[in-house]
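Residues in the sequence shown are numbered from 150 upward in steps of one, following the numbering used here. Just so you know, even glycine gets a beta-carbon here, dropped at the ideal spot from N, CA and C. Presented below is the structure to which this report refers.
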Amino acid sequence: METTIAINQSTAQMLAYIKKKMNARSIDEVIVEIVRKVENLPKSKFGSRPDLKSFKREERAKFHEL
Numbered sequence: 150m151e152t153t154i155a156i157n158q159s160t161a162q163m164l165a166y167i168k169k170k171m172n173a174r175s176i177d178e179v180i181v182e183i184v185r186k187v188e189n190l191p192k193s194k195f196g197s198r199p200d201l202k203s204f205k206r207e208e209r210a211k212f213h214e215l
């Protein structure tokens, strides 16, 4: 899902500069990286089901049984 946000021209220029410096594919990638660094967030907190807990070894084995 995409959305539009309003930012100052100077902020857009800073993000474009960082994008080039990071060799990022998009401004979104830059923003995500900045937020992760500031908040020290692991990648596992995001995705389609961030509330889903990791499987335990015994749970994984249960799903592989025929």
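Using 10 angstroms around the beta-carbon of V179, count the other beta-carbons present and answer buried if the total reaches 16, otherwise exposed. With 16 or more Cβ atoms within 10 Å of its Cβ, V179 is classed as buried.
Less than 8 Å between the C-beta atoms of E182 and M171, yes or no? The answer is yes: Cβ separation under 8 Å.
Boundaries (first-last residue) of the alpha helix (DSSP H) holding E188: Per DSSP, E188 is one residue of the alpha helix (DSSP H) stretching across 176–188.
How far does the alpha helix (DSSP H) with M163 in it extend, from its first residue to its last? Note, M163: alpha helix (DSSP H), 158–171.
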